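Worksheet for the structure shown next.
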Amino acid sequence: MRALVTGCAGFIGSTLADRLLRDGYTVIGIDRFSDYYSRGLKERNISSAVKHPRFALLEEDILDMKSFPSVDYVFHLAAQAGVRASWGESFEVYTRDNILATQRLLEFYKSRKIRKFVYSSSSSVYGDAELPMREDRMVQPVSPYGVTKLAAEHLCSLYWKNYGVPAVSLRYFTVYGPRQRPDMGINKFVRAVLNNEAITVYGDGTQTRDFTYIDDIVEANILAAGSDVRGEVFNIGGGNRISVNDLIGAIEEVVGKSAVVEHSAEQKGDVKDTRADTRKAEELLGWHARTGITAGLKRYVDWIREEP
Ligand code: NAD
């Protein structure tokens, strides 16, 4: 089995690539090593994959590619991530990497025989929706990033309806664990507590998130690829909805140190709360979140402590 992983040097893409290699797939990874965060971190993410005989890295921008590898599965993770940076001039990068790049891939694979096109979408498509967030309810993003992720989801469903591209969209809820992007909260908080530095919390810290451990996200991709389901959208949320204040408490407990917390203004584009209704993924994909927040944080903190 051959799989294409776009965004293969990123947090989730690299972890998925490692899992696919372990499962016996031949993996072709595409990444343009965008400068959103350090190239060094991305190189470290794929340091074991690049040594694997069944892995090939194409350091390319999807938008510069005229054709794509012949594969059985496409896992499309490449994107410009981050909610807060998506305002203003940088929106151009978001439309390019999130919407146009998705369209290019769908356009190419519409005339190829692939078994599944698994698109990494986001809970950001919901905006401040009623909880728990359900796939069949109204979506109204509150950030430009969310708008681009939703547009790409719509493209997946259009290419399924019109050309039979067997696309499935997975809406991830705040993902954490080893290799987490440096701009994400848990990464910043854990490192700050370990290094006795202050944590900056936006707003009063009562906002809540449904945190999802990386291995559960990878598992959802594997199950979506192997299922008969097409043209559907699924919530993939860990069932660990806690406030930012409680998250910091949990980190203090796992690290064994107190946090120094500073507050700053709420950020435009941040939603107040998220919580996934995951019954659809449970019923149709057989997916269940397996890692609770304390166990996940322990694994993450251990991983950071073992970093070179
Ligand atoms: P990441 O930034 O670590 O990885 C994305 C990778 O895509 C980067 O390495 C970047 O260089 C690459 N890329 C971007 N545009 C590209 C292009 N045009 N051509 C080739 N490569 C390109 O991000 P991540 O956190 O691993 O997120 C992966 C996916 O999951 C994204 O689609 C993101 O929107 C989605 N997602 C992530 C989260 C989360 O909590 N991390 C939550 C919801 C959805």
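The letter at position 302 of the sequence shown is residue 307 when you use our numbering, and the numbering goes up by one with no holes. Cβ coordinates follow ideal geometry from the N, Cα and C atoms, glycine included. Please read all numbers here as calculations on a predicted model, not as lab measurements.
What residue from G231, V76, H293 and S43 has the CA that sits closest to T11's CA?
V76
Could you give the DSSP three-state label for K273: helix, strand or coil?
coil
Give me the Cα-Cα distance between D220 and S269, rounded to the nearest whole angstrom.
32 Å
Note down, in chain order, each residue of its chain lying with its Cβ closer than 7 Å to the Cβ of R27, except the 5 sequence neighbours on either side.
none
8 Å Cβ cutoff met for T279 and T217
no
Can you tell me whether I298 is helix, strand or coil according to DSSP?
helix
Report the option in E97, G254, F73 and G132 whose CA atom is closest to the CA atom of K118.
F73
When you compare each of L163, E267 and S52 to R235 by their alpha carbons, which one comes out closest?
L163
Who are the Cβ neighbours of W292 in its own chain at under 6 Å, not counting the five residues just before and after it?
A225, L228 and A286
Sequence ranges, alpha helix (DSSP H) only - wholly within the segment 109-164, length at least 4
none
Within the continuous beta strand (DSSP E) that includes N321, where are the two ends?
Outside the shown range of the chain, which is 6 to 313, sits residue 321, and nothing can be said about it.
For D251, which residues in the same chain have their Cβ closer than 7 Å to its Cβ, ignoring the five residues on either side in sequence?
none
Need the endpoints of the beta strand (DSSP E) that V195 sits in, please.
Counting along the chain, V195 falls outside any beta strand (DSSP E), though it belongs to the alpha helix (DSSP H) covering G190 to L199.
Is it the case that the CB of F96 approaches a heavy atom of the ligand NAD more closely than 7 Å?
no
In this structure, how does DSSP classify I51 when only helix, strand and coil are distinguished?
coil
Hey, would you say A281 sits closer than 8 Å to N240, going by beta carbons?
yes
Relative to the C-alpha of A134, which candidate in L302, G297 and K277 has its C-alpha closest?
K277
Is S39 close to the ligand NAD? I mean its beta-carbon at under 7 Å from any heavy atom of the ligand.
yes
Taking the alpha-carbon of R184 as reference, which of R304, R139 and P58 has the nearest alpha-carbon?
R304
Give me whichever residues DSSP pairs with T213 in a beta bridge.
S248 and D278
Considering Cα atoms alone, identify which of D188, A106, A86 and S116 is closest to Y168.
S116
CA-CA distance, Y150 and S126?
11 Å
Can you look up Q36 in the DSSP assignment and give me helix, strand or coil?
The sequence given here has Asp at residue 36, not Gln. Looking at D36 - three-state DSSP - the assignment turns out to be strand.
First and last residue of the uninterrupted beta strand (DSSP E) at L62:
F60 to E64
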